[in-house]
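Inspection log for the structure reproduced underneath, given as structure tokens.
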Amino acid sequence: MTRPTAPPSPAQAAALLMIWQVGPLSLDTLARHWTAGAGELRAALSALEAQGLIDRTGTLYRPEGDEHATRQAYAHHSGVRACAHCGCSDLWGCPDGCWWTGDAQCSACAAQGVMPHRRHHPGATP
Ligand SMILES: [Zn+2]
Ligand SMILES: [Zn+2]
Numbered sequence: 001m002t003r004p005t006a007p008p009s010p011a012q013a014a015a016l017l018m019i020w021q022v023g024p025l026s027l028d029t030l031a032r033h034w035t036a037g038a039g040e041l042r043a044a045l046s047a048l049e050a051q052g053l054i055d056r057t058g059t060l061y062r063p064e065g066d067e068h069a070t071r072q073a074y075a076h077h078s079g080v081r082a083c084a085h086c087g088c089s090d091l092w093g094c095p096d097g098c099w100w101t102g103d104a105q106c107s108a109c110a111a112q113g114v115m116p117h118r119r120h121h122p123g124a125t126p
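Numbered continuously in the numbering used here, the sequence shown closes out at residue 126.
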């Protein structure tokens, strides 16, 4: 599991959410729903592309890669409350739906017996 180390970027979070929930989307469509500057949109898109979270084909941007990792990137960039294990949040829940069972644990992870503070690698430093 890789955690994003880049500083939080609300612009990247917004673009990521739109493309993953409504995509594929063209740059024109994204720009139409975009409230920040066009330069910020382009910067966010190229950053997301570089991280392998979205993919561009011609003028269309589409989801790319693992949703689990993408949700965590979204939570990181948006700063919203997110499940510590799977990274789901109020706006971006688990595929089968979920709700909060703790401060940082969703029902989907609770059902699997995943404890947010328990690590699976004994050698890992907390
Ligand atoms: Zn979860
Ligand atoms: Zn969840």
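Yeah, the Cβ is synthetic: ideal placement off N, Cα and C, and Gly gets one too.
Let me confirm a value: residue i is counted as buried when at least 16 other C-beta atoms fall within 10 Å, else exposed. Which label applies?
| i | result |
| --- | --- |
| serine 46 | exposed |
| alanine 44 | buried |
| cysteine 106 | buried |
| leucine 53 | buried |
| alanine 6 | exposed |
| tryptophan 99 | exposed |
Do you know whose CA, among the options, lies nearest residue i's CA?
| i | options | result |
| --- | --- | --- |
| leucine 60 | Gly97, Gln21, Ser26 | Ser26 |
| alanine 50 | Leu16, Arg81, His68, Leu30 | Leu16 |
| glycine 37 | Pro8, Gln12, Trp92, Val80 | Gln12 |
| leucine 41 | Gly93, Met18, Asp96 | Met18 |
| glycine 65 | Gly79, Leu48, His77 | Leu48 |
| valine 22 | Leu91, Pro8, Cys83 | Leu91 |
| glycine 58 | His76, Trp100, Asp28, Cys98 | Asp28 |
With a Cβ-Cβ cutoff of 9 Å, do residue i and residue j count as a contact?
| i | j | result |
| --- | --- | --- |
| alanine 108 | cysteine 88 | yes |
| tryptophan 34 | threonine 70 | no |
| alanine 110 | glycine 102 | yes |
| alanine 14 | serine 78 | yes |
| proline 24 | arginine 62 | yes |
| proline 8 | histidine 76 | yes |
Tell me the DSSP bridge mates of residue i?
| i | result |
| --- | --- |
| glycine 102 | Gln105 |
| leucine 25 | Tyr61 |
| serine 89 | Ala82 |
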